[in-house]
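Visitor: Let me begin by handing over the structure; questions about it come next.
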Amino acid sequence: MGKHENARHTLAPKPQKRKHRGTLSMERNRSIHMSFRFLGMEVASLMVTEDSIYAAYKLERIYFAESIRDLMGGFPATVGNVQDMILGRPFVLGENNVALSQCTLAGNGATWTITPDHSPLGMKYDFTIDTPTGNVELLTVNLPARSPITADYSDFDTSCTGPMAGNTSISAKTSKTTFTGEITLNPRKADWGKGYGKSWTVPKGYARVHAEDIIKKLNAKK
Numbered sequence: 001m002g003k004h005e006n007a008r009h010t011l012a013p014k015p016q017k018r019k020h021r022g023t024l025s026m027e028r029n030r031s032i033h034m035s036f037r038f039l040g041m042e043v044a045s046l047m048v049t050e051d052s053i054y055a056a057y058k059l060e061r062i063y064f065a066e067s068i069r070d071l072m073g074g075f076p077a078t079v080g081n082v083q084d085m086i087l088g089r090p091f092v093l094g095e096n097n098v099a100l101s102q103c104t105l106a107g108n109g110a111t112w113t114i115t116p117d118h119s120p121l122g123m124k125y126d127f128t129i130d131t132p133t134g135n136v137e138l139l140t141v142n143l144p145a146r147s148p149i150t151a152d153y154s155d156f157d158t159s160c161t162g163p164m165a166g167n168t169s170i171s172a173k174t175s176k177t178t179f180t181g182e183i184t185l186n187p188r189k190a191d192w193g194k195g196y197g198k199s200w201t202v203p204k205g206y207a208r209v210h211a212e213d214i215i216k217k218l219n220a221k222k
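So the sequence shown is numbered by full-length UniProt numbering: it starts at 1 and just counts up by one.
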């Protein structure tokens, strides 16, 4: 698919706010690689493939490596689904292409809503579509007994692979904390079809962090 230079990422519980520049590289339906930089130095990296998730945090010399099957417990999201979520495109979980026959459409002329007919684990998700542009304005994910998780898309540009959102704002709430994240992509810095070549190796001298440790920390914030 290509890469985006000077992608900016922000992810923090309020009221803290941290900003990192970096590079986002993707191979369609196969892998995603994100490099996070602060003051010009790489401080963290993340890679998602069809079967694994890897991450490294250089400041604390820790890394994460887990099987997607074990981590997600059968949740059907594909790499292509995550790529579409980043770029601001509709998707159907578990499918690499959107078939309208698998969705319910509703609208009033100004906006339309696309709701996939089948959702896993009792969750529901839908996409609010702007007309006449056809761009996704909002992704809303509803989980049982939880506040909705939302991704708000804006600043769309046209690429050789279709529309892409220049800005994505993500919000999720627990009873104790509000998490917000923002991804800003610079379409002018995007290189399409230039080759990928990303791989992952375990950093020497790093300690491994396991999924259960992260889950415990997240549960403590509920």
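Beta carbons: idealized from backbone N, C-alpha and C, even for Gly.
A211 by DSSP, collapsed to three states: which one?
Guide: What you label residue 211 is simply residue 211 of the sequence shown in a count that begins at 1. Note: A211 maps to helix in three-state DSSP.
Visitor: Start and end of the alpha helix (DSSP H) containing R69?
Guide: Your numbering for residue 69 matches position 69 in the sequence shown. Segment 68–72, the alpha helix (DSSP H) holding R69.
Visitor: When the Cα atoms are used, what is the spatial distance from L100 to T115?
Guide: Your numbering for residue 100 matches position 100 in the sequence shown. Your numbering for residue 115 matches position 115 in the sequence shown. About 9 Å.
Visitor: At which residues does the alpha helix (DSSP H) containing E81 begin and terminate?
Guide: By 1-based counting over the sequence shown, the position of residue 81 is 81. With the sequence shown as reference, residue 81 is identified as Asn, and Glu is not the correct amino acid for it. That run of the alpha helix (DSSP H) goes 79–87.
Visitor: Kindly list the residues whose CB is nearer than 7 Å to the CB of D155, restricted to its own chain and excluding five residues on each side of it in sequence; keep chain order.
Guide: On the sequence shown, position 155 is the one that residue 155 refers to. Here the set comprises A165, G166, N167.
Visitor: Quick one: any contact between the stretch 56–66 and the stretch 187–205, if contact means 3 or more CB pairs under 8 Å?
Guide: Touching, yes.
Visitor: Taking S52 as part of the beta strand (DSSP E), name the residues at either end of that continuous run.
Guide: Counting from 1 along the sequence shown, the entry for residue 52 is found at position 52. Where S52 is concerned, the enclosing beta strand (DSSP E) stretches over 52–57.
Visitor: If you follow the beta strand (DSSP E) that H20 is in, where does it begin and where does it stop?
Guide: Residue mapping note: residue 20 aligns to position 20 of the sequence shown, counting from 1. Residues 19–27.
Visitor: Excluding five sequence neighbours on each side, which residues of the same chain lie with their C-beta closer than 7 Å to the C-beta of S147?
Guide: The sequence position of residue 147 within the sequence shown is 147, counting from 1. If we look at S147 and ignore the five residues flanking it on each side, its Cβ neighbours are K173.
Visitor: Going by C-alpha to C-alpha distance, which of G193, T150, K198, S159 sits closest to T178?
Guide: Locating residue 178 in the sequence shown gives position 178, counting from the first residue. Ranking G193, T150, K198, S159 by Cα distance to T178 puts T150 first.
Visitor: Give a yes or no on whether the C-beta atoms belonging to Y153 and V136 are separated by under 8 Å.
Guide: Along the sequence shown, read from residue 1 onward, the residue named residue 153 stands at position 153. Along the sequence shown, read from residue 1 onward, the residue named residue 136 stands at position 136. A contact, by the Cβ cut-off of 8 Å.
Visitor: Select from I62, W112, R21, R69 the residue whose C-alpha is nearest the C-alpha of P90.
Guide: Along the sequence shown, read from residue 1 onward, the residue named residue 90 stands at position 90. Of I62, W112, R21, R69, the residue nearest in Cα terms is W112.
Visitor: Output needed for A207: all residues of its chain with C-beta closer than 8 Å, excluding positions within five of it in sequence on either side, in chain order.
Guide: Locating residue 207 in the sequence shown gives position 207, counting from the first residue. Excluding positions up to five away in sequence, the list reads R61, I62, Y63.
Visitor: How many Å lie between A145 and G162 at the Cα?
Guide: Along the sequence shown, read from residue 1 onward, the residue named residue 145 stands at position 145. Along the sequence shown, read from residue 1 onward, the residue named residue 162 stands at position 162. C-alpha separation (whole angstroms): 36 Å.
Visitor: Give the single residue among M72, F38, A44 whose Cα lies nearest to the Cα of E212.
Guide: Within the sequence shown, the letter at position 212 stands for residue 212. Nearest C-alpha to E212: M72.
Visitor: Give the DSSP-derived three-state secondary structure of G122 in the structure shown.
Guide: Indexing the sequence shown from 1 puts residue 122 at position 122. It is helical.
Visitor: How about R30 and V82: do their beta carbons lie closer than 8 Å?
Guide: Taking the first residue of the sequence shown as position 1, residue 30 is located at position 30. Taking the first residue of the sequence shown as position 1, residue 82 is located at position 82. No, these two residues do not count as a Cβ contact at 8 Å.
Visitor: Can you check DSSP and say which residues form a bridge with residue 234?
Guide: Nothing can be reported for residue 234, as the shown portion of the chain is limited to 1 through 222.
Visitor: Identify the continuous beta strand (DSSP E) that holds R37 and give its terminal residues.
Guide: Residue numbering aside, residue 37 sits at position 37 when the sequence shown is read from its first letter. First-last of the beta strand (DSSP E) with R37: 31–38.
Visitor: For F127, does the count of other Cβ atoms within 10 angstroms reach 16, so buried, or fall short, so exposed?
Guide: In the sequence shown, counting from the first residue as 1, residue 127 sits at position 127. Buried.
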